[in-house]
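Here the UniProt record's numbering is used: position 368 in the sequence shown is 368, and no number is missing along the way. A quick write-up on the structure given underneath.
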Amino acid sequence: MADQLTPLEIMTKLISFPTISSETNLPLVDWVEGYLASHGITAHRWVDPDQPHKAAVFAHVGPDVEGAVVLSGHTDVVPIEGQPWDSDPFTVVERDGKYFGRGTCDMKGFDALAIWAVVAAHHRGVARPLQLALSFDEEVGCTGAPPMIVAMQDVLPKGSCVIVGEPSVMRPVTGHKGGIGYSTHLVGFEVHSSLMHTGVSAIMQGARLIDWANARNAENMAKTPDDVAALFTPPFTTCHVGMINGGTAHNITAKDCRFVMDFRVVPGESAAEWEAAYLAKVRDIEAEMQAVHPDTRIDVSKKFNVPGLVPEVEGEAETLVRALTGDNGTHVVSYGTEAGQFQEAGYSAVICGPGDIAQAHQPNEYIDVSQFNAGHRFMQQLIDRLAI
């Protein structure tokens with residue numbers, strides 16, 4: 001039987017794998033499977049058939065019955081290019097009461113604690129089962145969790161509540177906005193800009209869609225939010241374009257314009273209605289473009305769709321985390337997580353993990369040692385509860 005690694009030793013190992021979303025995570029999955037196997041725990045993987053260099057990994061310890069507590073994390077991290085790091089991003093460095101490294105906060109710190117907890121629960125023995133679920137491609141739209149959730153239920157007894165360990169400063173977060181994004185490609189018709197009335201500028205038509213988003217934001221900001229929306233900052237659905245590219249030269253009407261239009265939808269509003277409104281505007285502008293030249297068009301495809309996490313009335317996951325943390329406050333966030341996807345699949349879900357989201361994705365990303373230790377205590381208390 002292998003030695004049980006400490007949470008810090010596990011985090012250090014996980015950080016050493018450069019699992020940027022554009023790269024493979026299989027070496028990390030191999031290591032997790034091997035480490036769990038060395039302690040007599042069978043892990044399972046689901047390989048993405050469209051990306052065979054990506055896989056999810058999950059495991060179950062305790063009685064072979066339904067009703068497990070699921071510890072959920074993701075294995076991918078955001079890129080480091082262009083960021084001024086003071087140390088190797090893939091080596092954990094401790095200084096000034098902080099652990100530095102890409103993913104320490106978001107979210108290999110929690111992953112390490114979850115792996116530690118599964119091994120500790122297996123050796124101690126628990127009356128209620130505990131499951132580990134580590135996904136991929138969370139950072140590019142939470143696309144890896146839904147097939148993982150389906151695969152888990154084909155192999156493991158279904159759990160009943162999920163703790164998603166995104167950084168929340170160990171507070172129970174019970175709601176978050178949904179996120180939907182649409183890759184938008186406008187195809188114009190090139191002419192010399194002195195004759196622009198005979199051509200179609202993809203960029204200028206794209207700007208009309210972006211201005212539509214600006215108008216919707218202004219309308220939403222002016223509304224009085226309902227009780228659920230009022231919990232969020234900002235208390236309304238937002239429309240946003242973060243990057244745009246296209247065009248050939250300053251004196252040619254642009255042939256192409258590409259951007260992603262994304263919506264952060266407050267729980268209670270319909271993502272489908274926002275999609276319908278955007279597509280209706282797209283078709284209106286496309287018709288005007290084609291009236292000038294028939295070869296123009298606007299192509300739209302869904303890039304990601306992350307459901308919101310809806311606060312549950314006396315939810316099992318929330319009740320458990322509140323009992324362990326002693327925190328009875330109301331906490332919601334505006335970013336999306338995999339919690340809403342678990343909730344859609346029939347699990348009670350809550351977000352609770354060490355670290356502050358403000359440190360995520362930053363150069364010199366870190367997690368406070370005190371937060372990491374608080375996460376460790378949380379896992380110890382969870383095991384105590386499951387062992388009863």
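Ideal Cβ positions, reconstructed from N, Cα and C, are used throughout, including at glycine.
Can the beta-carbon of G175 be found less than 8 Å from the beta-carbon of P267? For the purposes of this step, residue 175 is taken as residue 175 along the sequence shown, with counting starting at 1. For the purposes of this step, residue 267 is taken as residue 267 along the sequence shown, with counting starting at 1. Yes, Cβ-Cβ distance for G175 and P267 is below 8 Å.
Considering only their Cβ atoms, is the gap separating V164 from S72 smaller than 8 Å? The count along the sequence shown starts at 1 and reaches residue 72 at position 72. The count along the sequence shown starts at 1 and reaches residue 164 at position 164. In this structure, V164 lies closer than 8 Å to S72 by Cβ.
Sequence ranges, beta strand (DSSP E) only - wholly within the region 156 to 207, length at least 3: As far as the region 156 to 207 is concerned, its whole beta strand (DSSP E) runs of at least 3 residues are 161 to 164 and 178 to 187.
Go through its chain and collect everything with a Cβ distance to V310's Cβ below 6 Å, but skip five positions before and after it. By 1-based counting over the sequence shown, the position of residue 310 is 310. For V310, where only same-chain residues beyond five positions count, the Cβ hits under 6 Å are P267.
Using 8 Å as the cut-off, can you tell me whether the region 106 to 114 makes contact with the region 43 to 50, which would need three or more C-beta pairs spanning the two stretches below that distance? no
Just mark R377 as buried or exposed, buried being the case when its beta carbon has 16 or more other beta carbons within 10 Å. Counting from one through the sequence shown, the residue named residue 377 turns up at place 377. Of the other Cβ atoms in all chains shown, fewer than 16 fall within 10 Å of the Cβ of R377; this residue is therefore exposed.
With W31 as the anchor, note down where its beta strand (DSSP E) starts and where it stops. If you number the sequence shown from 1, residue 31 lands on position 31. No beta strand (DSSP E) contains W31, which is instead part of the alpha helix (DSSP H) from L26 to A37.
Going along the chain, which residues of its own chain have a beta-carbon closer than 7 Å to the beta-carbon of T296, five neighbours each way excluded? Sequence index remark: in the sequence shown, residue 296 carries index 296 (1-based). Result list for T296: V187, G188, F189, V200, M289 and Q290, in chain order.
Does the distance from the CB of S16 to the CB of V140 come in under 8 Å? As a working mapping, residue 16 is identified with position 16 in the sequence shown. As a working mapping, residue 140 is identified with position 140 in the sequence shown. The answer is no: Cβ separation not under 8 Å.
Measuring straight from C-alpha to C-alpha, what distance separates I252 and G246? Here the question's residue 252 lines up with position 252 in the sequence shown. Here the question's residue 246 lines up with position 246 in the sequence shown. Near 11 Å, if we compare the C-alpha coordinates of G246 and I252.
With a cut-off of 8 Å on the beta carbons, I'd call F236 and A133 a contact; round off their distance for me. Numbered from its first residue, the sequence shown carries residue 236 at position 236. Numbered from its first residue, the sequence shown carries residue 133 at position 133. Between A133 and F236 the Cβ distance is about 32 Å, and since that is not below 8 Å, they are no contact.
Pick out whichever of S334, F304, T12 and E81 has its Cα sitting closest to the Cα of V228. Position 228 of the sequence shown holds residue 228. Checking every option, the nearest Cα to that of V228 belongs to S334.
Do S160 and A56 have their CB atoms nearer than 8 Å? Reading the sequence shown from its first residue, position 160 is the one you call residue 160. Reading the sequence shown from its first residue, position 56 is the one you call residue 56. No, they are not a contact pair.
Determine the direct distance from the alpha carbon of K281 to that of E66, and round the result to whole angstroms. By one-based count along the sequence shown, residue 66 stands at place 66. By one-based count along the sequence shown, residue 281 stands at place 281. For E66 and K281, the distance between alpha carbons rounds to 47 Å.
With DSSP collapsed to three states, give me the class of E316. Residue 316 sits at position 316 when you count from the first residue of the sequence shown. Helix, per DSSP.
Take the Cβ of H197 as the centre, count every other Cβ of all protein chains shown within 10 Å, and call the residue buried at 16 or more, exposed below. Within the sequence shown, the letter at position 197 stands for residue 197. Exposed: under 16 other Cβ atoms inside 10 Å.
Can you tell me which of the three DSSP states I149 falls into? Mapped onto the sequence shown, residue 149 falls at position 149. I149: helix per DSSP, three-state reduction.
In the DSSP output, what is E94 paired with across the bridge? Within the sequence shown, residue 94 is the residue found at index 94, counting from 1. Answer is Y99, bridged to E94.
Please return the same chain residues whose Cβ sits closer than 7 Å to the Cβ of F136, not counting the five positions on each side in sequence. Translated into the one-based positions of the sequence shown, residue 136 becomes position 136. Taken in chain order, the residues that qualify are N25, K54, A55, A56, H74, T75, D76 and G144.
Quick check on this structure: which residue in Q341, E81 and R171 has the alpha carbon closest to the alpha carbon of C142? By 1-based counting over the sequence shown, the position of residue 142 is 142. Closest option to C142, Cα to Cα, is Q341.
Within the same chain, show all residues whose beta-carbon is closer than 7 Å to that of Q381, passing over the 5 residues directly before and after it, in chain order. Position 381 of the sequence shown holds residue 381. Closer than 7 Å at Cβ, skipping near neighbours: L324.
Span of the beta strand (DSSP E) around G242: Residue numbering aside, residue 242 sits at position 242 when the sequence shown is read from its first letter. Residues T238 to G246.
Determine which residues share a DSSP beta bridge with G73 and list them. Translated into the one-based positions of the sequence shown, residue 73 becomes position 73. In the DSSP output, where bridge partners are listed per residue, G73 has L134.
Please report the residue range of the beta strand (DSSP E) in which K54 lies. Counting from 1 along the sequence shown, the entry for residue 54 is found at position 54. Q51 to V61 is the span of the beta strand (DSSP E), which, as asked, contains K54.
To test your reading of the DSSP string, which unbroken beta strand (DSSP E) runs of 3 or more residues are found completely within the region 325 to 358? 348 to 351
Of the residues I383, I357 and L386, the one placed nearest T104, counting alpha carbons only: The sequence position of residue 104 within the sequence shown is 104, counting from 1. That would be I357, whose Cα lies nearest to the Cα of T104.
If you draw a straight line from the alpha carbon of A121 to that of S168, how long is it in whole angstroms? For this step, residue 121 is matched to residue 121 along the sequence shown. For this step, residue 168 is matched to residue 168 along the sequence shown. A direct Cα-Cα distance of roughly 24 Å separates A121 from S168.
Helix, strand or coil for R322? Go by DSSP, reduced to three states. Stepping through the sequence shown from its first residue, residue 322 is reached at position 322. DSSP places R322 in helix when its eight states are reduced to three.
Straight-line gap, D3 to N217 (C-alpha atoms, nearest Å): Within the sequence shown, numbered from 1, the residue matching residue 3 stands at position 3. Within the sequence shown, numbered from 1, the residue matching residue 217 stands at position 217. Computed Cα separation, rounded: 55 Å.
Alpha-carbon spacing of N328 relative to R322, whole angstroms: Along the sequence shown, read from residue 1 onward, the residue named residue 328 stands at position 328. Along the sequence shown, read from residue 1 onward, the residue named residue 322 stands at position 322. Cα to Cα, N328 sits roughly 6 Å from R322.
What residue range is occupied by the uninterrupted beta strand (DSSP E) comprising H44? Here residue 44 refers to the residue found at position 44 when the sequence shown is read from its first residue. Taken as a continuous stretch (DSSP letters only), the beta strand (DSSP E) holding H44 covers A43 to D48.
Reference A230; option with closest CA among M243, K177 and V118: Counting from 1 along the sequence shown, the entry for residue 230 is found at position 230. Nearest C-alpha to A230: K177.
Going by DSSP, what residues sit across from M107 in a beta bridge? Residue numbering aside, residue 107 sits at position 107 when the sequence shown is read from its first letter. Looking at the DSSP assignment, M107 forms no beta bridge with any residue, so it has no partner.
Collapsed DSSP secondary structure at V292 in the structure displayed: The count along the sequence shown starts at 1 and reaches residue 292 at position 292. V292 falls in the helix class under three-state DSSP.
Inter-residue CB distance, V300 and T184 (contact presumed, cutoff 8 Å): What you label residue 300 is simply residue 300 of the sequence shown in a count that begins at 1. What you label residue 184 is simply residue 184 of the sequence shown in a count that begins at 1. Confirmed, Cβ separation roughly 5 Å.
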